[in-house]
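S.K.:
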Amino acid sequence: MARGTLSGAGRGSGGLLETFEHAQHIDPQDIPRFAKLGVIPAMQLARTDPQDAFRSGTQSAGRSRMRNILVGVEAGVAVLVLLIAAFFLRNFASTHSTDTGFAREGVLLAGYDLSGRGFDLNRAKIVTRTLLEKLRALPGVETAAIASAVPLDIHGMAARSFVLEGRARTAIGVNEALTYNVTPDYFRVMGIPLIEGADFRDLADPADARQAIVNAEFVRRYLDGGAAIGRRLEIGGKSYAIAGVVRNSLYEAFGEPPKPIMYFSFRDRFTWSGQIHLRTNGTEASLAPELRQVVRAIDPAIQVYDVRTLADHIDRNLFLRRIPARIFAVLGPLILFLAAMGIYAVVAYTVARRTVEIGVRRALGASDRRVIAEIISDGMKSVVIGTGVGWLPAVAINLHLSRGVAVGPVILIGVPVLLLGVAALACWLPARRAARVDPMVALRAE
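According to our numbering, the stretch in the sequence shown is residues 6 to 451, in order.
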């Protein structure tokens, strides 16, 4: 009876008696084996820092370490995305202040195509000359020109190899430059100054000599800065004399390095389709109806398309910069907000698990300022490390996007400082709340 009562009591007390009875049947030879099973836990406990164990409360060190890693990764990704966003926004904003080498305001553009209209070459040349004469006579038009393409077009420009008088071919590669077919007055329309020499002859000039005009980069690269006027270059089996040198300008993209270019006259290299350029002294868009009327009066079969201003043309072809800039303009603040919320949540959770520790520290005389400083310091360690790790690839990406041009410290330093400031605020809020808790209440929390 007593044994049954004691056994029931043992079961009611968690099976202590049954455990004791089971222990009586253990073979003494098995004792070393059971002792070995406790070696690993004992070693783990021996490696535990008392301070860390005290701070972590009931949480495991592994989980605490994982949270720190996640906070660091979150900070690294955040600073990487924020810096890339700043780079794209800076690059897009810089297009409005970049010197393109030509005047983007006051020019009206329109495309046309004479091919397939039943014109022979002589008739097409006459139509082109007549078109320019009538366009130049329009009220509000300073001058007009036609070109085979428009600079900063997404389609780019054609590059051709050539042979230059006085320059031997090298084993490194052939001489190559962008080509551009234009009519006289093109440089005046675009506001590209002539450095030396003269513009092309009139389209009706019967002279046999073919002409070419090159830019300053062409002279620097292929003539070593020497005299260019009168030099002859051969392209496509035809020889051209350099008649002038013009200033460098952008041709294919913002941020591109200077590129050599060869301009040829419509008189010598006729192009069946082209882009009309009108330099106006007023609002260029208002001349679009008159432009269409002039073309229709010459030949109703000629179709004019894509009438726009040069400024609109450049803005339209900046979509590869504009779209990422707008996306990151929205994504950047969102990433910053999410990073702040993530850091706040982790710190708040960690502080909640350290309630007893904070209560003991305050009961022993620790000031609110010291408690807050320690909590912020613990929370910011992972953020600082993650920010530094994320900063390095962002700098590499910037060097690639800006083609080696160094970025100012405002972005490279300002963005990480902004993130660290937001992270510090996210750590300060739960720390401040924990420091206000009454020590006795904190000690009774467990």
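Beta carbons are placed, not taken as given, at the ideal position from N, Cα and C, and that holds for glycine. The model shown is predicted, which means the values in this text are computed figures rather than measured ones.
Would you report the Cα separation of Ala401 and Phe269, rounded to the nearest angstrom?
M.R.: Approximately 40 Å, taken between the alpha carbons.
S.K.: If we ignore side chains and look at the alpha-carbon of each, how far apart do Ile340 and Gly121 end up?
M.R.: Rounded to whole angstroms, Ile340 to Gly121 spans 55 Å at the Cα level.
S.K.: Would you mind reading off the limits of the beta strand (DSSP E) that contains Ile200?
M.R.: 199-202 is the span of the beta strand (DSSP E), which, as asked, contains Ile200.
S.K.: From what residue to what residue does the alpha helix (DSSP H) around Thr133 run?
M.R.: Residues 126-141.
S.K.: By Cβ distance, which residues of its chain are closer than 6 Å to Ala431, with the 5 residues on each side in sequence left out?
M.R.: Around Ala431: Ala345, Ile348, Tyr349.
S.K.: Do you know how far the Cα of Gly279 is from the Cα of Met195?
M.R.: Distance between the alpha carbons of Met195 and Gly279: 15 Å.
S.K.: Look at the Cβ atom of Leu113, then the Cβ atom of Thr285, and state whether they are nearer than 9 Å.
M.R.: Yes, the pair counts as a contact, with Cβ atoms nearer than the cut-off.
S.K.: Is it a yes or a no for the segment 330-338 touching the segment 299-315, going by three-plus beta-carbon pairs under 8 Å?
M.R.: Judged by Cβ distances under 8 Å, the segment 330-338 makes no contact with the segment 299-315, as fewer than three pairs qualify.
S.K.: Between which two residues does the beta strand (DSSP E) carrying Thr184 extend?
M.R.: Run containing Thr184: 180-187, per the beta strand (DSSP E) assignment.
S.K.: Can you confirm whether the segment 71-81 touches the segment 315-324 when touching is taken to mean that 3 or more C-beta pairs between the two stretches lie within less than 8 Å?
M.R.: The answer is no - the segment 71-81 does not touch the segment 315-324, with fewer than three Cβ pairs under 8 Å.
S.K.: Per the DSSP calculation, Met267 is bridged to which residue(s)?
M.R.: Looking at the DSSP assignment, Met267 forms a beta bridge with Thr184, Val219.
S.K.: Assess, as a yes-or-no matter, whether the segment 153-166 is touched by the segment 213-223 under the definition of 3 or more beta carbon pairs within less than 8 Å.
M.R.: The segment 213-223, when compared against the segment 153-166, does not touch it at the 8 Å Cβ threshold.
S.K.: I'd like the ranges of any beta strand (DSSP E) spanning at least 3 consecutive residues and lying wholly in the segment 223-293.
M.R.: Those beta strand (DSSP E) runs which fall completely within the segment 223-293 and span 3+ residues are 237-240, 243-251, 266-270, 278-285.
S.K.: In the DSSP output, which residue or residues are listed as bridge partners for Gly116?
M.R.: DSSP lists Gln280, Tyr310 as partners of Gly116.
S.K.: Give the secondary structure of Arg321 by DSSP, where H, G and I count as helix, E and B as strand, and everything else as coil.
M.R.: It is helical.
S.K.: Using a 10 Å radius around the Cβ and a threshold of 16 neighbouring Cβ atoms, would you call Arg70 buried or exposed?
M.R.: By the neighbour-count rule (16 or more Cβ atoms within 10 Å), Arg70 is not buried but exposed.
S.K.: Quick check: the Cα distance between Leu255 and Val422, rounded to an integer number of angstroms?
M.R.: Cα to Cα, Leu255 sits roughly 36 Å from Val422.
S.K.: Is it the case that the Cβ atoms of Glu201 and Ile151 are separated by a distance below 9 Å?
M.R.: No, the Cβ-Cβ distance between Glu201 and Ile151 is not below 9 Å.
S.K.: What residue range is occupied by the uninterrupted alpha helix (DSSP H) comprising Ile363?
M.R.: Segment 360-368, the alpha helix (DSSP H) holding Ile363.
S.K.: If you reduce the DSSP assignment to three classes, tell me which class Phe107 lands in.
M.R.: If DSSP states are grouped into helix, strand and coil, Phe107 belongs with coil.
S.K.: Which first and last residues belong to the alpha helix (DSSP H) in which Arg165 is found?
M.R.: No alpha helix (DSSP H) contains Arg165, which is instead part of the beta strand (DSSP E) from 164-169.
S.K.: So Tyr117 and Gln308 are supposed to be a Cβ contact under 8 Å. How far apart are they, rounded?
M.R.: The pair is a contact, with the Cβ atoms about 7 Å apart (cut-off 8 Å).
S.K.: Taking one C-beta from the segment 88-108 and one from the segment 242-255 each time, how about it: are there three or more such pairs within less than 8 Å?
M.R.: Yes: the two stretches touch, three or more of their Cβ pairs being nearer than 8 Å.
S.K.: Looking at the structure shown, is Ile402 part of a helix, part of a strand, or coil, going by DSSP?
M.R.: If DSSP states are grouped into helix, strand and coil, Ile402 belongs with the helices.
S.K.: Could you check which residue in Ala209, Ala182, Ile89, Thr392 has the C-alpha nearest to that of Phe223?
M.R.: Checking every option, the nearest Cα to that of Phe223 belongs to Ala182.
S.K.: Do you know how far the Cα of Arg226 is from the Cα of Ala281?
M.R.: The residue asked about is misnamed: residue 281 is Ile in this sequence, not Ala. Near 31 Å, if we compare the C-alpha coordinates of Arg226 and Ile281.
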